[in-house]
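In case it helps, mature numbering (1 follows the signal peptide of the UniProt record, and there is no 0) puts the sequence shown at residues -27 to -1, 1 to 76. Have a look at the structure below, then the notes.
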Amino acid sequence: MKNTRRQFLIMSAAGAATLSLNNLAQAQAMVAETDPQAQALGYKADTTKVDTKKYPKHAAAQRCDNCALWQAKGAAAAGGCSLFAGKQVAAAGWCSAWAKKAG
Ligand code: SF4
């Protein structure tokens, strides 16, 4: 009986560890273009797919990884953006809040 309880406790601890790993993975999920906030900002994971009629100031050279709000260091395919807390945007992405990175 004692052993079973101990095993249960060990299993629970393992379960909790798996759960927090899952949370971590979720925290780094990519922003979907269908996400309401992404839609409101006109976010596209591929800057070349942006509707230039809707966003005439957009230029293909504008990308998340050269935006002032991009948070990843060095070369990365995806990184954080201060507008999308807990999620990642594509390095080659774009949204209407794009602002030239200083320097
Ligand atoms: Fe990308 Fe900048 Fe828009 Fe964030 S604010 S999604 S980094 S273009």
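Virtual Cβ for every residue (Gly too), placed ideally from N, Cα, C.
For a quick check, are the C-beta atoms of A63 and C37 less than 8 Å apart? Closer than 8 Å, so yes.
For W67, the residue or residues it bridges with in DSSP: For W67, DSSP records a beta bridge to K17.
Let me check you understand the geometry: is the CB of Y16 closer than 7 Å to at least one non-hydrogen atom of ligand 1? In this structure, ligand 1 has a non-hydrogen atom nearer than 7 Å to the beta-carbon of Y16.
Counting only the same chain and skipping the five closest in sequence on each side, list residues whose C-beta sits under 7 Å from that of A51. M3, Q61, V62, A63, A64
Could you spell out where the beta strand (DSSP E) holding A72 opens and where it closes? From DSSP, A72 is part of no beta strand (DSSP E); its letter is neither H nor E.
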